[in-house]
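Heads up: the structure comes next, in structure tokens.
Written out as structure tokens, the structure is:
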């Protein structure tokens, strides 16, 4: 049966001020955008709310944008803070306490499923309909995280595309002298044959040596190509200016693969963290932009500000803004970078909700970016660019176009792009494939006397 949903009297995220001030009726039919109409001319195209046509009346107060996307989030390590005692709060401690918590994952799969379920539900309520969900595969958890993620992907397929990414947090090489990868790689290699996964990745910086970190990158790219997967790296997670930026090695290796037919068309590489790149000079950023554009390398950077700023630069004075400035990268170098939540309530990131839109006001402050153009760049980083990072290039703009897949979020109390980025409202409606999948409403009782 044909289904129609009309979003009435809503602002759209147009770049020009005249259209941005107007309100529109957006007609969604059978999972696509069918029509976009000036609301002032409604008498000529009226829609009645009946069994076949549903109407969301935004009353001219809210904004319609593409649904949010988690470009990078850990499904298995969320909501662990209550079982991870923090003394120093640094990265080495986070690895240690999380490893201890992981030891219980295999024996308590119900808990892992419940934590992942909470993450998905809260994300969808915030406006997320797509996520790259990292799940670890190693000698500690075996396939327990993957199995839970596959169940969650199936159970929530109608409201969120849970794109599973196999992730090796621990080293693939067991010791500095190892010439061949060990058991962690063997398990990852076997898991890569599983159905219903979309990407595979690692954290090369945890390897014992720089040479092994480069081998880690090669091994992951080999597995991605062999199984037609995207690749996703936690890379260059340091502020040590003397360390070699491995992004150059990654670009060089990927370029050779693209030129020799050893990389599938449509497969992308996402690079998360990349805090070492915040030390780049303008010339180095120009080099990066040139190398990616020259060979059309399918690479997207993803800044993870809640984690990066919390963890990085603790021993430096002053403590830097140690995360990718997506606004400046877009403006100065034409580099589109995503922003992502990464972790929720664990030792790596104890603070912040699973709401990508919450990263926008953080970005306004971190990047000193409150102009209308900057706010639009921030919104793109958690919507359209985040989708590109996960291998999905639709939609291509903040405002809807006829024929687009009807995945949106209505921000009921944000009438403009600038308002949405600076002060995201709580009341939201999440739409996937032209169907309402979540409504989030706040309720306040005020008793002044």
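In the UniProt record's numbering, the protein residues as written are 1 to 449. Built from N, CA and C at the ideal position, the CB exists for glycine as well.
DSSP bridge partner residues for residue i (one or two, in chain order)
i: residue 32; result: 29, 405
i: residue 217; result: The partner list for residue 217 (beta bridge, DSSP) is empty, contrary to what the question assumes.
i: residue 24; result: 10, 38
i: residue 78; result: Answer is none; residue 78 lacks a bridge partner.
i: residue 66; result: 408
i: residue 131; result: 70, 162
i: residue 5; result: 28, 54
i: residue 339; result: 303
The ligand SAM heavy atom lying under 6 Å from the CB of residue i
i: residue 393; result: The ligand SAM is absent from the structure shown, which contains no ligands of any kind.
From the options, residue whose alpha carbon lies closest to that of residue i
i: residue 309; options: 417, 237, 59; result: 237
i: residue 98; options: 74, 114, 117; result: 74
i: residue 450; options: 114, 158, 76; result: The requested residue 450 does not occur in the structure, where the chain is confined to residues 1 to 449.
i: residue 299; options: 392, 12, 64, 160; result: 392
i: residue 399; options: 16, 120, 419, 88; result: 16
i: residue 435; options: 109, 258, 124; result: 124
i: residue 442; options: 433, 412, 416; result: 412
i: residue 330; options: 438, 224, 301; result: 301
i: residue 389; options: 271, 426, 403, 317; result: 271
i: residue 139; options: 20, 100, 39; result: 100
i: residue 116; options: 203, 430, 375, 354; result: 354
i: residue 118; options: 149, 104, 296, 102; result: 149
i: residue 94; options: 20, 71, 170; result: 170
i: residue 222; options: 209, 239, 335, 256; result: 256
i: residue 268; options: 251, 281, 282; result: 251
i: residue 450; options: 162, 156, 25, 108; result: Since the first residue of the chain shown is 1 and the last is 449, residue 450 is not available in this structure.
i: residue 158; options: 258, 31, 64; result: 31
i: residue 144; options: 108, 177, 373, 127; result: 108
i: residue 357; options: 448, 242, 386; result: 386
i: residue 176; options: 137, 216, 187; result: 216
i: residue 325; options: 280, 294, 295; result: 280
i: residue 338; options: 104, 131, 204, 3; result: 131
i: residue 70; options: 340, 234, 152; result: 340
Nonlocal neighbours in the same chain, by C-beta distance under 6 Å from residue i, ignoring five residues either side
i: residue 350; result: 81
i: residue 404; result: 33, 395
i: residue 232; result: 165, 199, 201, 270
i: residue 129; result: 67, 160, 407, 432
i: residue 438; result: 124, 125, 430
i: residue 102; result: 140, 141
i: residue 122; result: 354
i: residue 5; result: 28, 54, 434
i: residue 378; result: 360, 363, 421
i: residue 91; result: 311
Residue i - DSSP class collapsed to helix/strand/coil
i: residue 374; result: helix
i: residue 200; result: strand
i: residue 140; result: coil
i: residue 445; result: coil
i: residue 161; result: strand
i: residue 302; result: strand
i: residue 167; result: strand
i: residue 91; result: helix
i: residue 363; result: helix
i: residue 314; result: coil
i: residue 231; result: strand
i: residue 264; result: coil
i: residue 432; result: strand
i: residue 272; result: strand
i: residue 481; result: For residue 481 there is no data in the structure shown, the boundaries of the chain being 1 and 449.
i: residue 174; result: coil
i: residue 84; result: coil
i: residue 356; result: helix
i: residue 18; result: helix
i: residue 281; result: coil
i: residue 319; result: coil
i: residue 391; result: coil
i: residue 344; result: coil
i: residue 101; result: helix
i: residue 113; result: helix
i: residue 422; result: helix
i: residue 186; result: helix
Proximal residues to residue i (C-beta, below 7 Å), its chain only, five neighbours per side dropped
i: residue 219; result: 172, 181, 185
i: residue 23; result: 9, 10, 11, 39, 60
i: residue 245; result: 236, 276, 277
i: residue 106; result: 141, 142, 144
Spatial neighbours of residue i in its chain, beta-carbon cut-off 8 Å, leaving aside the 5 residues before and after
i: residue 307; result: 273, 342, 343, 348, 349
i: residue 323; result: 275, 278, 303, 304, 305, 308, 309, 312, 366
i: residue 85; result: 97
Quiz prompt | the region 226-244 in contact with the region 191-211 per 3-pair CB rule at 8 Å | solution = yes
Quiz item: If we count Cβ pairs, one from each stretch, closer than 8 Å, do we get three or more for the region 419-426 versus the region 353-364?
Solution: yes
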